[in-house]
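A.B. asks:
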Amino acid sequence: MIIGFNSGQMHHFAQMEWLKNGFVPDSFIERVKKENAPEELVTLRVAGVVSNEWALDLPGYNHPMHDQQINNRKDLIQPTQSYFPAFIDFYKKLGFKELIWTMNTISPWSNPSERALWEKRMMDMLEALKAAGIKVKVIAMENEAWMYPQCMLLGNGGLDILDKFAIAGWKGIFKNNNYFQPIVKEWMRSYYEYIEGISREVKKRYPWCKIAISIDDNSHLRGQWMAETIKEFKFYDIVTPHFYLSPANKTELNAIVDSKMAHARSFGKDIYVTEWNWKYDNSSKDTQGAYHDKYFHNDMLSAFRANGAKGAFKHTLWAGASAYGHMSQYAKS
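The opening residue of the sequence shown carries number 1261 in this note's numbering; numbering runs sequentially from there.
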């Protein structure tokens, strides 16, 4: 199983003051090396959205579809230059050998008038990485597709608020499920047909790349219908579940992981857990005691191995902060 480094969302990089200088300070590099095993610094996984990661040398990323605007995050720093050079600096200083790149194709899919521009940026970004000597091993076509307001499950498209509540997990409370099942599944199908086309183009240019898509669990209607729709397609090589839990002990941890990984195995594809950690509201070591400090990491990896995961990437950045503290403190080094 590949144990890789997860740098989180690329726009988190843009919050770090050192990006203004276009390089990564040695103090930050040394901290990452100190607090991660060498085998975790071979494969890097990174995620982002079209409006920033594909802009290359364009200044800023104030696109209206960006999640800052969607989530009304006015507090995040807007960069004034590309962070692509800083990303290359980060990658090479740490000595990574390969990259797992998670795109966000929901934005172009949901904005047909801008698809050509964003699709060009996809390929431009891949060409820029290739020119920099960075091997993209896996291209994930989207990240947590089910979670965003503009995506096919919770956005506009004829579903009223009661439908959305039901799809989110409140099964059968407001309406008969048969009413909106065909609407939602057709919506999903349209999206996967779109990224299937992009995948063909990627494979044509970069035949060594594996294609990955994210999956939800099957504990609610949304996840069940998504799984049924995804299984109609064959273009992907890897499925990428995410695990954020707050188990009280190893027994509870294994039960949760076993259940979700059984669902992931049902797709018949390789499994890369591209994000895992404690739940956001339980990310402080001070609240978890010895189990969190000493055993959680090893127990999670053991559970993934036992369930056949091919890769596992711990999510270390939380909106500009990490499990080790806020990264901008290294900007002035």
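For every residue, glycine included, the Cβ atom is placed at its ideal position computed from N, Cα and C. Here the structure is a predicted model, which means the values were calculated and not measured.
#1: Where do the N-terminal and C-terminal ends of the beta strand (DSSP E) with Ala1346 fall, by residue?
#2: Could you tell me if Thr1365 is buried or exposed, where buried requires 16 or more neighbouring beta carbons within 10 angstroms of its beta carbon?
#3: Opposite Thr1362 in the DSSP bridges: which residues?
#4: Out of Lys1494, Lys1445, Lys1539, state which residue places its alpha-carbon closest to the alpha-carbon of Trp1485.
#5: Can you list, in chain order, the residues of its chain with a C-beta nearer than 6 Å to that of Leu1505? Leave out the 5 residues immediately preceding and following it.
#6: Is it the case that the Cβ atoms of Lys1464 and Asp1497 are separated by a distance below 7 Å?
#7: Measuring straight from C-alpha to C-alpha, what distance separates Glu1492 and Asp1286?
#8: Return the bridge partner residues of Asn1266 from the DSSP annotation.
#9: Ignoring anything shorter than 4 residues or poking outside the stretch 1473 to 1531, list the alpha helix (DSSP H) runs there in chain order.
#10: Shortest alpha-carbon distance to Pro1368 belongs to which of Glu1512, Ala1566, Phe1350, Gly1457?
#11: Is it true that the CB of Thr1489 sits closer than 7 Å to the CB of Arg1449?
#12: Where Glu1535 and Gly1571 are concerned, what is the direct C-alpha to C-alpha distance, given to the nearest angstrom?
#13: Is it true that the CB of Ala1487 sits closer than 7 Å to the CB of Ala1478?
#14: Contact defined as beta carbons within less than 8 Å: I believe Ala1524 pairs with Pro1501. What is the distance between those atoms, to the nearest angstrom?
#15: In the DSSP assignment, find the unbroken alpha helix (DSSP H) run with Lys1554 in it and report its ends.
#16: Just verifying my parser: in three-state terms, what is the DSSP assignment at Ile1471?
#17: Between which two residues does the alpha helix (DSSP H) holding Val1631 run?
#18: Select from Leu1377, Leu1386, Pro1372, Asp1349 the residue whose C-alpha is nearest the C-alpha of Ile1360.
#19: Which residues mark the beginning and the end of the alpha helix (DSSP H) in which Glu1379 is found?
#20: Drop a sphere of 10 angstroms on the beta-carbon of Thr1511, count the other beta-carbons inside from all chains shown, and report buried for 16 or more, exposed for fewer.
#21: CA-CA distance, Ser1519 and Val1499?
#22: Using a 10 Å radius around the Cβ and a threshold of 16 neighbouring Cβ atoms, would you call Asp1384 buried or exposed?
#23: Put Asn1537 into one of helix, strand or coil per three-state DSSP.
#24: How would you label Asn1537, buried or exposed, when you count the other beta carbons within 10 angstroms and need 16 or more for buried?
#25: Could you tell me the distance, in whole angstroms, from the CA atom of Ala1400 to the CA atom of Lys1539?
C.D. replies: On the basis of the supplied data:
#1: Counting along the chain, Ala1346 falls outside any beta strand (DSSP E), though it belongs to the alpha helix (DSSP H) covering 1344 to 1353.
#2: Thr1365 is buried by the Cβ-count criterion.
#3: In the DSSP output, where bridge partners are listed per residue, Thr1362 has Ala1307, Ala1400.
#4: In terms of Cα proximity to Trp1485, the closest of Lys1494, Lys1445, Lys1539 is Lys1445.
#5: Within the same chain, Leu1505 has close Cβ partners Ile1516.
#6: Against a cut-off of 7 Å, the Cβ pair of Asp1497 and Lys1464 comes out as no contact.
#7: Their Cα atoms are separated by approximately 48 Å.
#8: For Asn1266, which the question treats as bridged, DSSP gives the partners Arg1305, His1575.
#9: The alpha helix (DSSP H) runs of length 4 or more contained entirely in the stretch 1473 to 1531 are, from start to end of the chain, 1481 to 1490, 1510 to 1525.
#10: Answer by Cα proximity: Gly1457.
#11: For Arg1449 and Thr1489, yes; Cβs fall inside 7 Å.
#12: Their backbone Cα atoms lie some 10 Å apart in a straight line.
#13: Going by the sequence as given, residue 1478 is Asn instead of Ala. Less than 7 Å divides the Cβ of Asn1478 from the Cβ of Ala1487.
#14: Contact flag correct, Cβ pair sits at about 5 Å.
#15: In this chain, Lys1554 is not harboured by any alpha helix (DSSP H), its DSSP state being neither H nor E.
#16: If DSSP states are grouped into helix, strand and coil, Ile1471 belongs with the strands.
#17: A query on residue 1631 cannot be resolved here, the shown segment of the chain reaching from 1261 to 1593 and no further.
#18: The residue from Leu1377, Leu1386, Pro1372, Asp1349 with its alpha-carbon nearest to that of Ile1360 is Leu1386.
#19: DSSP places Glu1379 inside the alpha helix (DSSP H), whose first and last residues are 1375 to 1391.
#20: So Thr1511 counts as exposed.
#21: So the alpha carbons of these two residues sit roughly 15 Å apart.
#22: Around the beta carbon of Asp1384, fewer than 16 other beta carbons lie within 10 angstroms, which makes this residue exposed.
#23: The three-state reading of DSSP puts Asn1537 in strand, counting E and B together.
#24: Buried, since its Cβ has 16 or more Cβ neighbours within 10 Å.
#25: Rounded to whole angstroms, Ala1400 to Lys1539 spans 23 Å at the Cα level.
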